[in-house]
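Step one of this worksheet: look at the structure below.
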Amino acid sequence: MKPYVPPFRIALLLFSAAAALGAGEVPLLVEAPDPAPFVIPLCDQWEFAAEEAEQFQPALVPGLWGRQAQDPKASIEWKSGTYRRTFDVPPDLPGAAFEFDCIRWGGEVFANGALAGKHDLGHAPVSVDVSGHVKPGENTVSVRAKGWRVVDRFPTGDPVLPCGAAHWFGPKQGGLAGEVALQRYREARIAGAVVRTSVNPVRCDVHIEIAAGALAWKGRVAVQILTDDRKQAVSGAQRQALEVPARGSMQVCFKDLAAPQARPWSVREPVMHRACIWLEDAQEPPRIHS
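According to numbering that gives the first Met the number 0, the residues represented by the sequence shown are 0 to 289, in order.
So, in structure tokens, the structure goes:
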């Protein structure tokens, strides 16, 4: 699986909102759609079992598995832990992908017993497409997370993980440390995104991967930078047309996306922003796909 940040929560950019618009500036229109129709939150009703244990107990998600242990310090030695829950799939759902903010320290994702994806990205958010493994009605997802002691390491002993070293100094238990959701989509979905920012001038590069399902997809990918509460736009919406082959993927880059109504982050004003990404088909008016 590739590094992924869920749609509509793409990046917390190091920009800070302007205290007020300058003279003559017109507020930008928020064009990013409401993500609620495309996301089913799944942060409750989880169960957990340590290592090879067969008995599951209620689990808190988001959270590390030390919360489920009688001896949290001893749980650092666990080589793995399994989370599971059931979820319902509506009959009109053509495509679905699980969004994990964090599977610590990596692991495997199963849908109805079938391996849907593997994750070795440390703290990076990931997406796992489960369209071919789920059915209308009740389904089961399970996540087998790795323990700190079995993380691959360099000869120096440092973890082989594409995450910041700062994470290594916190709690070492594994688990589902971030939110979990089921993303709904039609013919295509946002499979990955990376945002790189600069502050002089304030702008960013947005790299996006779009994946198609069983059929080829034609439409547009759009991106807009909003304040963290999504109430104010600090950039205009930009769009690119594209065609993605059936079961294929395509990379798109929005270069130097200007955010004129934002200014560099500061300690006194540490307000974060979101890069919102969505797909529109070629119809008029366009339908939103994810």
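Quick reminder that beta carbons are idealized off the backbone N, C-alpha and C, glycines included.
For GLU76, the secondary structure class from DSSP, reduced to helix, strand or coil, is helix. A straight line joining the alpha-carbon of ALA211 with that of VAL129 spans about 13 angstroms. In its chain, beyond the 5 residues on either side, LEU114, LYS117 and ARG143 have a beta carbon closer than 7 angstroms to the beta carbon of GLU107. Around the CB of THR226, 16 or more other CB atoms lie within 10 Å, so the residue is classed as buried.
The beta carbon of PHE86 sits closer than 7 angstroms to those of LEU41, ASN138, VAL140 and LEU181, all from its chain and outside the five residues before and after it, given in chain order.
Residue environment for CYS252: exposed (fewer than 16 other C-beta atoms within 10 angstroms of its C-beta). At least 8 angstroms separates the beta-carbon of GLY105 from that of LYS72.
Your pair VAL194 and VAL205 checks out as a contact, with CB atoms roughly 5 angstroms apart and the cut at 8 angstroms. Non-local beta-carbon contacts of GLY62 in its own chain, meaning distances under 8 angstroms to residues more than five positions away in sequence, involve GLY174, LEU175 and ALA176 in chain order. Comparing alpha carbon positions, the residue from ALA31, TRP64 and ASP33 closest to PHE47 is TRP64.
Taken through DSSP and simplified to helix, strand or coil, ALA258 comes out as coil.
Sorting LYS134, PRO90 and GLU279 by C-alpha distance to the C-alpha of LYS217 places GLU279 at the top. Inside the stretch 204 to 279, DSSP marks whole beta strand (DSSP E) runs of 3 or more residues at positions 216 to 226, 237 to 243, 248 to 257 and 261 to 263, from first to last along the chain. The alpha-carbon of ILE39 is positioned some 8 angstroms away from that of ARG183.
If you draw a straight line from the Cα of ARG273 to the Cα of GLN69, it is about 39 angstroms long. GLY156 carries a coil assignment under DSSP once its states are collapsed to helix, strand and coil.
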